[in-house]
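Okay, structure first, notes after.
Number of protein chains: 2
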Amino acid sequence: MADQKLPSRSEDYSEWYNQVVLRAEMADYAPVRGCMIVRPYGWALWENITAALDKRFKATGHVNAAFPLLIPKSFIEREKSHVEGFSPELAVVTIGGGEKLEEPLVIRPTSETIIGHAYSKWIQSYRDLPVLINQWNSVVRWELRTKLFLRTLEFFWQEGHTAHATLDEAEFETRQMLDIYADMAFRDAAIPVIPGRKSDSEKFAGADITYSIEAMMGDGKALQAGTSHNLGQNFAKAFEIRYLDKNGQLQHCWTTSWGLSTRFVGAIIMVHGDDQGLIMPPRLAPFQVVLVPIFKTDDEKISVMDAARKIRAELVAADIRVKMDEREGFSPGFKFNDWEMRGVPLRIELGPKDVSKGSAVLARRDRPGREGKIFVEQAGIAGSVAKLLVEIQQALFDRALKARLDNTREPKDYVEFKQAVEGGFALAYWCGDSACEAKIKEETKATMRCIPLEQDEGSGVCIFCGKASNYKAIFARAY
Amino acid sequence: MADQKLPSRSEDYSEWYNQVVLRAEMADYAPVRGCMIVRPYGWALWENITAALDKRFKATGHVNAAFPLLIPKSFIEREKSHVEGFSPELAVVTIGGGEKLEEPLVIRPTSETIIGHAYSKWIQSYRDLPVLINQWNSVVRWELRTKLFLRTLEFFWQEGHTAHATLDEAEFETRQMLDIYADMAFRDAAIPVIPGRKSDSEKFAGADITYSIEAMMGDGKALQAGTSHNLGQNFAKAFEIRYLDKNGQLQHCWTTSWGLSTRFVGAIIMVHGDDQGLIMPPRLAPFQVVLVPIFKTDDEKISVMDAARKIRAELVAADIRVKMDEREGFSPGFKFNDWEMRGVPLRIELGPKDVSKGSAVLARRDRPGREGKIFVEQAGIAGSVAKLLVEIQQALFDRALKARLDNTREPKDYVEFKQAVEGGFALAYWCGDSACEAKIKEETKATMRCIPLEQDEGSGVCIFCGKASNYKAIFARAY
C-alpha cells in the first residue's frame, strides 16, 4: 500500500485524509452506504483510547454496563427536544422473526431514553445515588454526508449516564468528565483541545448545558472531539427518575451524559499526520516502535536476527509496544515507507554493520531525514527508546499547540473575522444571541465552536452586532 | 435485595436462576421483549471473561477489529445453509432517516457474510494469509423463548473470523480456538467443560464441522458454552475469497469462525451457585474479597476503619480485587447476606476485638457457616487471602467436576439411557445417523450434545439402533 505517493495536504486535504485512512489500513468502506469497517490497525488505536479513558472513568467511581441496542420508538418521543433532534436520523426495525412488529423499534442513536427508563426502576432512595454508569458500544444515526471516522452512520463510542441528587452534583460530574476528556486529549493524544461551553443552538437535544472539547485540524478547521451534557431534570421528568430524599420527599433526579467516539481517531490523524502519512502519538500508538532487520546474505541474517530478537525482548520487557517487520520479499526501503505511512513514532534500523558495532539507528517519524536519526548503543536500548518516545510525544504536542496558536486570530472587526475563519479559529467577543450566531454562520460558514472555560479578564463588544459582551467565543468552520 | 429468601434450587431451579440474576443485580429485563440489560455487576464479570479470552487470542496472533452492525439482506442469502438457518431469526431495518430503504438491512445475527465480503477485497495473495481477526460486539437473533443471559434477542459475544491457505491450517485454527475456550473454562471459570464435535443436525448454519464445549448445569442439563466452526470453503465460494498461491494459481481460501457469548455468564451462575445465591470463581470474580468493617461506637469506628483501610491497601497492592462495604445504615448481617447473594468468594470480617488482637476473620463463600471461617493475622493478610483464593478456585472446580461425573451415566441399554437423561448426561455409543438422533430427541427430549474429543479405546453398538459404532457421544437435555 506504500507504493504510491499520497496527495499532499496542501493540495487536497480532504483527499489526503481519505487516502491515508485507507492506505494505512485504519478503516475501509462498508457495503452499506456511510458505514465503516474499522480495520485492526485503526481498532488497535481505538482500544488504546478506550483504555486511557476507561481507567480514568473507573478511578472516578464509574462502572460499565450494557443497555440494549433496540429502543421502543415511543421512548424517543418522550423528551421534546430529544425527539426533534433525533427523529430525522433514526434507523427503524419494523420486522422481527419474519413478522411485522406491533411497535417499531429504533436502533439507539444514543441511550438517554432507555437508560432513563431503567434508572426510574433502579433508583428509589437517596441511598441509591449517585448512579455512575458508562457503556462502550456503537450507535446509529442516519447521516447524509459521511466521512470515515469523522461522520459515519454507525460509530463506536462510550456514553456515560449518571443520576444525582442535586443540580450541583450533576454540574460537578459534567465538568469532571469534560476535564477527563481534555486530560486524555492533552496527555495521551498530544492534542491541545479547548474545553468550553456550546451555544443553545449547538447543544445536545435534551441538554440544559453542553460542554465540548474542540480541536483544530491540520487545515485550520474545528472538530468537536468529545461532549459532556448537563441534562438538568429533562430526562428525569420525561422518564420519572425519582428518589426519596432524607426527609421522605419524592424528588426528581438530575442527570448527565457524556460521550467520546471514533471521531477522535479522525482527530489524531488530522492533527498529527503529514504528507508521508500518519504520525501516531507514542502513548496511544498501536506500535510505538518498528524494528526493521536489514541483511543480504544468510550469514548476515543469522547475526542480525539474533541481535534484533534481543532488542525486541528488551523492549517488550520495558513495556514498549514493538513490531518486528520480518516480512520476506520486501526491501528495507519499502518497509520504511510502509511504517511511515502508518505513523509508527520510532523506527529501529539494524544492519550487519550496526550489529558488529553493537549499535542501532533510531529514526524519528516526526523529523524526516537525517535530522531525525539517532545512533545508539544496543546495550540499554530500551532506556534510549523510552526517552525518545517521551520527547516525540512532547514534540507532537508542541507542534500542534503552535499550529493552533498560529492559526487563531483575535479579529478587531468583522472584516478581520471573516479572514480569520478562512483557515483557522477566530476568538472574538460575542453577545450570546442566537441571531448573531446564525447570521455569522450564514455569511462565513463558521459556527460558534465553544465559549472557552478559560477567559482573559475584560470585556468588549460582539464582533457581529456590537452589543456589550464579557466573554470571547471561538468561531470556525468545522467538520 | 437480600431481605427475601431465594427459592431453593431443588424446588424450582428455573425460578432460583431468574431470582438470583435479578437480586444479585447481574441483569434486568429490557423494555423490548427478550432483550436484557447487563447491569454493572454482571458486566464486570463479563469484562473479566473478555480479558481472559482476549489475552489468549492476542497471544496466538489474533487482532481485533470492528465490522458494521448493518448487513444488506442479500448478503445473508448468498450461502445456502446460512440463509436457511438465520432467515427466521432476523431483525430487519426498513426505514432509515425517515425514508423507506431500497434494500432492507438486517442487524447482524453473526458476521460471516459481511466479513467474507471484506476479506474478498483484502486478500489477494498467499502473502496476505492467514487473516486472524476477532471482534467484540453484540448480535441480534429473534428468539421466541428467552431467558436472561442464556438466550436473549440481543447478546454480547466475540466472534473470530479467520482465512487460511489450506484446509489443514483452518482445521488447526478451529481446534486451537476450541482449546482456548476449554482452557479459559477450566482455569478461569472452574467449569469442567467437555470439548467435542457436534452432529450435522446441530452444527452451525454454513459450517463443515462445528466443535463446542459443553457444560453440565446444576440441574444436570447441558449448556453449549462456546463453539468453533470449520467453514471449509463454503463462505469463500459464496463471497469469492480467493488468493494467488506461490505458483500463481487462484485458490479459494479456507475459513473458520468461533464465538463465546454472555451465555457463559449464565453457565457460571448455574454451575457454581447455591441456595444462598451466586458463587463467583475467584479468577473471574468482579470482587474477590469483600471487607466488612464492624463497629458500634464512634471510637470503635475510628480504630476499625483505620485497620480496614490498611488491609484494603495491602490487598490492592497485591492485585487482589477488594470491595470495602462502607454503607451506613445497614447491619453487618445484612451485608453478609447481600455479598453472599452476589457470590464474593471471600469475606473479611473486622470488628473491634479483631483489631485489638491484630487478627481478622475470613469466611469462605463456598463453605457456609463455621466450617468456612478462618482466623488470620492482619500482618501478611494478602498472602493468606491469595492462598485461600487459589484453594476456593480449585474447590469450585473439584465440586463441579464431581457433580458432572456423578450425574453422567454410561447406560447399557435404551431403558437406562432414558433414566440417565432425566437428570444428567448419558455417554453412549451412537451410530452417527441423524435418524437415530432425531428419534432419541423426540422420545427423550435429549439432544446429541457432542462427540467428546477424548474417547476411550473400544467399540460397541448404537444405544438406539444397535448398529456398530466406535465412538461414544453425550446426550442430554439442554438449555
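Respectively, the protein sequence lines represent chains A and B. The working numbering puts the first residue of the first sequence at 219, with every later residue one more than the last. The working numbering puts the first residue of the second sequence at 219, with every later residue one more than the last. Note that the Cβ used here is the ideal one computed from N, Cα and C, for glycine as well.
Put simply, the region 340-356 of chain A does not touch the region 317-326 of chain B. Fewer than three CB pairs are less than 8 Å apart.
Tryptophan 261 (chain B) reaches chain A at Asn282, Ala283, Ala284, counting residues in chain order whose Cβ is nearer than 7 Å.
A distance of 8 Å or more separates the beta carbons of isoleucine 351 (chain A) and proline 504 (chain B). In this structure, cysteine 253 (chain B) sits near threonine 370 (chain B), with a CB-CB distance shorter than 8 Å. Shortest Cα-Cα distance from alanine 403 (chain A) to any of A:Leu308, A:Glu544, A:Gly444, A:Lys620 involves A:Gly444. Closest in C-alpha terms to aspartate 463 (chain B), from the list B:His382, B:Val540, B:Leu362, B:Thr473, comes B:His382.
For proline 286 (chain B), the closest alpha carbon among the candidates A:Gly576, A:Ser549, A:Val358 is that of A:Val358.
In the displayed model, aspartate 397 (chain B) falls within a helix according to three-state DSSP.
For the pair glycine 314 (chain B) and glutamine 376 (chain B), the CB atoms are not nearer than the 8 Å cut-off. Looking at the DSSP output, histidine 382 (chain A) shares a beta bridge with A:Trp472.
A straight line joining the alpha-carbon of glutamate 391 (chain B) with that of threonine 474 (chain B) spans about 7 Å. Scanning its chain for C-beta atoms nearer than 6 Å, with the 5 sequence neighbours on each side dropped, one finds around arginine 296 (chain A) the residues Ala456, in chain order. For isoleucine 412 (chain B), no Cβ of chain A is located within less than 8 Å of the residue's own Cβ. The beta carbon of glutamate 595 (chain A) sits closer than 7 Å to those of Gly576, Ser577, all from its chain and outside the five residues before and after it, given in chain order. Under the 8 Å criterion on CB atoms, phenylalanine 505 (chain A) is classed as non-interfacial with respect to chain B. Looking at the backbone, the Cα of leucine 496 (chain A) and that of aspartate 230 (chain A) are separated by about 16 Å. Going by DSSP, histidine 447 (chain B) is part of the beta strand (DSSP E) stretching over 440-448. Within 7 Å of the CB of serine 356 (chain B), the CB atoms of chain A belong to Leu287, in sequence order along the chain. Interface residue (Cβ-Cβ distance to chain B less than 8 Å): aspartate 246 (chain A) is classified as such. Here alanine 536 (chain A) is exposed: its Cβ has fewer than 16 other Cβ atoms, across all protein chains shown, within 10 Å. Straight-line spacing of the CA atoms in glutamate 558 (chain B) and aspartate 584 (chain A) works out to 55 Å. Going by C-alpha positions, isoleucine 692 (chain A) is about 10 Å away from alanine 664 (chain A). The closest CA to that of arginine 274 (chain A), considering only A:Tyr429, A:Ile398, A:Lys298, A:Ile267, is found on A:Ile398. Legend: CB atoms of the region 368-382 of chain B lying less than 7 Å from CB atoms of chain A belong to residues Glu372, Phe374.
For glycine 551 (chain B), the three-state secondary structure derived from DSSP is helix.
Residue contact with chain A for leucine 323 (chain B): present (Cβ-Cβ distance below 8 Å to some residue of chain A). Of B:Leu441, B:Leu362, B:Val507, B:Gly569, the smallest CA-CA separation from arginine 251 (chain B) is found for B:Leu362.
The beta-carbon distance between valine 489 (chain A) and glycine 436 (chain A), rounded to whole angstroms, is 6 Å. This is short enough to meet the 8 Å contact definition. Buried is the label assigned to arginine 560 (chain A), since at least 16 other Cβ atoms lie within 10 Å of its Cβ.
Looking only at A:Ile658, A:Gln506, A:Phe422, A:Ser677, the smallest Cα-Cα distance to arginine 565 (chain A) is reached by A:Gln506. Near chain B, meaning a CB-to-CB distance below 7 Å, the residues of the region 305-321 of chain A are Pro306, Glu307, Ala309, Val310, Val311, Thr312, Ile313, Gly314, Gly315, Gly316. Rounded to whole angstroms, the separation of the alpha carbons of methionine 395 (chain A) and glutamate 387 (chain A) is 12 Å. Neighbours of tryptophan 360 (chain A) in chain B, taken as residues whose beta carbon is under 7 Å from its own, are Gly314, Gly315 in chain order. Among the residues of the region 264-278 of chain B, those with a Cβ less than 7 Å away from any Cβ of chain A are Glu265, in the order of the chain. Listed along chain B are Ala283, each with a C-beta nearer than 8 Å to that of arginine 257 (chain A).
Restricting attention to beta strand (DSSP E) runs no shorter than 3 residues, the region 569-600 of chain A encloses them at 577-582, 591-595, ordered along the chain.
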